[in-house]
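Participant: Dropping the structure in here first, questions after.
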């Protein structure tokens, strides 16, 4: 449906402002629609207000239901919308035949056939609806009828204008009332003290802030002279100042000053006090407005800010690091003294430059990339190590930290740069690198000559323009006795023709060096020399000839260090470094570094000498070792021969000694058998004792033979079940009530069976033989101990006092007379000898009356064959 003009925001706002839309019926409008119906003789008259979606009937006369009650229709039932869009009267004699409204549903639903409508306007001339009359049958409208309806529409517009005016006046009065309330509320809730005075200084208004601050009631101050109120009455001088201010403002001035006011006993605050006039329409001062703002905190803040600014200035100027404010284009805006010291420029000189101009080209790109990332807010700060050019042309290493300072609108204003001088650290790092590389070169080979030359070449690229290491060596002098000379062993220099000529100078005789200066002094004292700035006089004294002096001058030698090469406290040479005019002069830090370098060179030389000495000593040791090995071989062969002789002697001695013993025993036996009945008892006892001594002697010879062979068993190793071995020994030696206990199974070993059996048999037999009871107990255990097995043979016999623990393993030693206990005193000696021959150990744990435990270790794998 056509709605051009209906949705105009201006028109719709004007309609809304009338307050008539959706309002109740009013008698004034109803009388006008009734009058229109009667004057024009029509069944229906309407005051219709049209929106962009519907038409609302502010008044209707003769309208059928349900429309009269609903008081509105959609635009599909509206003829009045065309009056609004056309902003002109609309006359339709027969709606059925009029193409503009022929399809309008008002024809069928509201019986609208003939229609006459006149537009209604607001005082601002915005069309908002129409006054219309309707007939249910075709009708020819006359000009007089249109005029009558137009006059009535003017009356309706007057009513609308009246309503708008009343609404606006009511709204204005309400707005004024609200404004006054808001103003009073605002004034009362201001942090400021606000009042109102007559021109003579009488206070007629005071806001709650002023009253409550001093705990006052309105009646305490209103209607009284302002200068006499509680706030000011504490000081006549303050009152006089205020009285003068009131008089001046009453003449039209405005005054403002800081002043203290009283809020309570001993409670005062500082306020920013202002007194301003209010003028009436004739330009005369009608009232005075006093106001004050508590600035106590502001004053404290200002004082703190001043202190902070002073502290900042002090920190900025006295910081141990450089600080700068740098413009977005790189210009220096503010710099402290430390930064000036770092780069060598004054502040005024820096202000004429940009940071880009004194930045090393190799670092500038990285710096700018970080700066742009900071401006794009991709990072909030950046830090980097970079190089500046000092005013003297040297390079200064710094650690740079940069942040950006924004203005109140959040825009980047300038950079804040913190610049720390790290030249010393960088120099130390470079020197550590140089020392490490030099050490690596020197350590790469024991022959130092080539290594020292490499070190010298490396030093020339980083630390010196000329470098030479010289050793005192024994030279020859025309065939006479050797003469000590200072011989170069490594020499390097930068690419320069004059340096090359200087390198051809021949070695110098040490005795010709002057001991009060130069290398002669270093050799004589062993102390380093630093000449930071060489003079021409120094060059003259150092020159060996006029040609040499010319070369020294042409290479522009400017600074030098001469250092001793010391080996174990003895100065054996010198190490000389030279810088030219183009380089930075040497200082004490350089000297300490060069001394460390010289010490490492001397150490390399010393290492070579030690190596050569060691090689000579090694050759001597090899010769000595060969001699000793031959002697050992000879002695071993001699020992084997003597062992063979000893075996033969032992066998012969045993055989030859046993033959007479057996004869003695036989003779004693025969005498006893043949003449025993003729001999007295003493003689028979003597014969028994003779036979006993012979038997004991035979046993001694047997044991002696066994002892001599104890560590020379030549059998082959085999698997030995030691558990079964011990049980077999027990069956052989142990008779009830004596007991042999094996609490846990014993291991199976790959070992020499006979020596192990001999050890166990001797220990078990020894325990039985020396037990003081017939019902004793022997306990045998074994446990793994690394690559050995530890056996323990424990008895509950009389024990052995600790003082005898060593003696019992000695040959022929017994703790009881042989008449009491049969034995040769060799058994434990044999045991000890066998155990130790297998790489084991044996010990006793015992106390008198507490039994004894013999512990010995035996290898899991056998030692090399015995007697090998």
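Numbering (our numbering), first residue to last: 0 to 867.
Where a beta carbon is used, it is the ideal one built from N, C-alpha and C, also for glycine.
On a predicted model such as this, the values are computed, not experimentally measured, just so you know.
1) Inspect the beta-carbon positions of residue 387 and residue 357 and report whether they are closer than 9 angstroms.
2) Within its chain, find whatever has a CB closer than 7 angstroms to the CB of residue 251; leave out the 5 residues flanking it on each side and keep chain order.
3) Below 6 angstroms CB to CB, which residues in the same chain sit around residue 844 once its five sequence neighbours on both sides are set aside?
4) Can you list, in chain order, the residues of its chain whose CB lies under 8 angstroms from that of residue 867, leaving out five sequence neighbours each side?
5) Would residue 868 and residue 132 be called neighbours here (beta carbons separated by less than 9 angstroms)?
6) What would DSSP say about residue 674, mapped onto helix, strand or coil?
7) State the beta-bridge partners of residue 90 as determined by DSSP.
8) In whole angstroms, give me the CA-to-CA distance for residue 727 and residue 738.
9) Check this for me: beta carbons of residue 405 and residue 342, under 9 angstroms apart or not?
10) Tell me which residue opens and which closes the beta strand (DSSP E) that residue 194 is part of.
11) Where does residue 489 land, buried or exposed, given buried means 16+ other C-beta within 10 angstroms?
12) Can you have a look at residue 828 and say buried or exposed, based on whether 16 or more other CB atoms are within 10 angstroms of its CB?
13) Exposed or buried, what is residue 76 when buried is set at 16 or more other beta-carbons lying within 10 Å of its beta-carbon?
14) In angstroms with no decimal places, state the Cα-to-Cα distance between residue 778 and residue 670.
15) Pull up the distance between the alpha-carbon of residue 817 and that of residue 790, whole angstroms please.
16) Output needed for residue 411: all residues of its chain with C-beta closer than 7 angstroms, excluding positions within five of it in sequence on either side, in chain order.
17) Can residue 669 be considered in contact with the ligand NAP, in the sense that its beta carbon sits closer than 8 angstroms to one or more heavy atoms?
18) Taking only three categories from DSSP, how would you classify residue 843?
19) If you draw a straight line from the C-alpha of residue 39 to the C-alpha of residue 70, how long is it?
20) Taking DSSP as the reference, what is the three-state secondary structure of residue 863?
21) What do you get for residue 575, buried or exposed, if any count of 16 or more other CB atoms within 10 angstroms of its CB means buried?
22) Quick check on this structure: which residue in 53, 68, 609 has the alpha carbon closest to the alpha carbon of residue 81?
23) Any chance you could list the beta strand (DSSP E) runs of at least 3 consecutive residues sitting entirely within the stretch 385-446, in chain order?
24) Closest to residue 48 by CA distance: which of 153, 367, 79 is it?
25) Taking residue 730 as the reference, give the member of 716, 714, 753, 763 with the closest Cα.
26) What are the start and end residues of the alpha helix (DSSP H) that includes residue 247?
27) Please report the distance separating the alpha-carbon of residue 243 from that of residue 254.
28) Quick test of the definition: if touching needs 3 or more C-beta pairs under 8 angstroms, does the stretch 527-538 touch the stretch 579-593?
29) Can you tell which of 451, 258, 222 has its C-alpha closest to the C-alpha of residue 236?
30) Kindly indicate the opening and closing residues of the alpha helix (DSSP H) around residue 83.
31) Residue 462 and residue 430: beta carbons closer than 9 angstroms?
32) Identify, in the order they occur along the chain, each residue of the same chain with its Cβ nearer than 8 angstroms to the Cβ of residue 839, setting aside the five sequence neighbours on each side.
33) What residue from 796, 831, 834, 806 has the CA that sits closest to residue 849's CA?
34) With which residues is residue 622 paired in a DSSP beta bridge?
35) What is the DSSP secondary structure of residue 324, reduced to helix, strand or coil?
36) In angstroms, rounded to a whole number, what distance separates the CA positions of residue 286 and residue 29?
Facilitator: Once the coordinates are examined:
1) Indexing the chain shown from 1 puts residue 387 at position 388. Indexing the chain shown from 1 puts residue 357 at position 358. Yes, they are a contact pair.
2) What you label residue 251 is simply residue 252 of the chain shown in a count that begins at 1. Excluding residues within five positions, the ones whose Cβ falls inside 7 angstroms are 276, 284.
3) As a working mapping, residue 844 is identified with position 845 in the chain shown. Cβ neighbours of residue 844 beyond the five flanking positions: 852.
4) Residue numbering aside, residue 867 sits at position 868 when the chain shown is read from its first letter. In this predicted model, residue 867 has a pLDDT of only 36, less than 50, meaning its place in the structure is not dependable; the value taken from the coordinates is given anyway. Contacts found: none.
5) The structure shown does not extend to residue 868, since the chain is modelled only from 0 to 867, so the question has no answer here.
6) Residue 674 sits at position 675 when you count from the first residue of the chain shown. It is helical.
7) Translated into positions along the chain shown, residue 90 becomes position 91. According to DSSP, residue 90 bridges with 115.
8) Translated into positions along the chain shown, residue 727 becomes position 728. Translated into positions along the chain shown, residue 738 becomes position 739. Each residue's alpha carbon lies about 14 angstroms from the other.
9) Here residue 405 is taken as the residue at index 406 of the chain shown, counted from 1. Here residue 342 is taken as the residue at index 343 of the chain shown, counted from 1. Taking 9 angstroms as the Cβ cut-off, residue 405 and residue 342 do not qualify as a contacting pair.
10) Translated into the one-based positions of the chain shown, residue 194 becomes position 195. That run of the beta strand (DSSP E) goes 192-196.
11) Against the chain shown, residue 489 aligns to sequence position 490. It is buried - the Cβ of residue 489 has at least 16 other Cβ atoms within 10 Å.
12) For the purposes of this step, residue 828 is taken as residue 829 along the chain shown, with counting starting at 1. Looking at its Cβ environment, which holds 16 or more other Cβ atoms inside 10 Å, residue 828 is buried.
13) Residue 76 sits at position 77 when you count from the first residue of the chain shown. Answer is buried; the Cβ neighbour count reaches 16.
14) Reading the chain shown from its first residue, position 779 is the one you call residue 778. Reading the chain shown from its first residue, position 671 is the one you call residue 670. Cα-Cα distance, rounded: 47 angstroms.
15) Start at 1 with the first residue of the chain shown, and residue 817 comes out as number 818. Start at 1 with the first residue of the chain shown, and residue 790 comes out as number 791. Residue confidence is low: residue 817 scores 47 on pLDDT, short of 50, so the model does not pin down where it sits. No coordinate-derived value is stated.
16) Numbered from 1 along the chain shown, position 412 holds the residue referred to as residue 411. If we look at residue 411 and ignore the five residues flanking it on each side, its Cβ neighbours are 327, 374, 403, 405.
17) Summarising the ligand content, the structure contains no ligands, and the ligand NAP is consequently not present.
18) As a first step, residue 843 is located in the chain shown; it is residue number 844 there, counting from the start. Looking at residue 843 - three-state DSSP - the assignment turns out to be strand.
19) The residue you call residue 39 lines up with position 40 of the chain shown. The residue you call residue 70 lines up with position 71 of the chain shown. Straight-line Cα distance between these residues: approximately 22 angstroms.
20) For this step, residue 863 is matched to residue 864 along the chain shown. With a pLDDT of only 47 at residue 863, under 50, the local geometry of the prediction cannot be trusted, and no value is derived from it.
21) Numbered from its first residue, the chain shown carries residue 575 at position 576. Counting Cβ neighbours within 10 Å, residue 575 comes out buried, since at least 16 surround it.
22) In the chain shown, the residue the question calls residue 81 occupies position 82. Answer by Cα proximity: 53.
23) 394-405, 411-420
24) In the chain shown, the residue the question calls residue 48 occupies position 49. Among 153, 367, 79, the Cα nearest to that of residue 48 belongs to 79.
25) Sequence index remark: in the chain shown, residue 730 carries index 731 (1-based). The shortest C-alpha separation from residue 730 is found at 763.
26) As a working mapping, residue 247 is identified with position 248 in the chain shown. That run of the alpha helix (DSSP H) goes 235-249.
27) As a first step, residue 243 must be located in the chain shown, where it is residue number 244. As a first step, residue 254 must be located in the chain shown, where it is residue number 255. In a straight line, the C-alpha of residue 243 is about 10 angstroms away from that of residue 254.
28) yes
29) For the purposes of this step, residue 236 is taken as residue 237 along the chain shown, with counting starting at 1. Per the Cα distances, 258.
30) Within the chain shown, numbered from 1, the residue matching residue 83 stands at position 84. From DSSP, the alpha helix (DSSP H) with residue 83 extends over 79-85.
31) For the purposes of this step, residue 462 is taken as the residue at position 463 of the chain shown. For the purposes of this step, residue 430 is taken as the residue at position 431 of the chain shown. In this structure, residue 430 lies closer than 9 angstroms to residue 462 by Cβ.
32) Residue mapping note: residue 839 aligns to position 840 of the chain shown, counting from 1. Counting only Cβ-Cβ distances below 8 angstroms, and skipping sequence neighbours, we find 787, 855, 856, 857, 858.
33) Indexing the chain shown from 1 puts residue 849 at position 850. The shortest C-alpha separation from residue 849 is found at 796.
34) Here the question's residue 622 lines up with position 623 in the chain shown. Bridge partners of residue 622: none, in fact.
35) Locating residue 324 in the chain shown gives position 325, counting from the first residue. Residue 324 falls in the strand class under three-state DSSP.
36) Within the chain shown, the letter at position 287 stands for residue 286. Within the chain shown, the letter at position 30 stands for residue 29. Taking the straight line from one Cα to the other gives about 52 angstroms.
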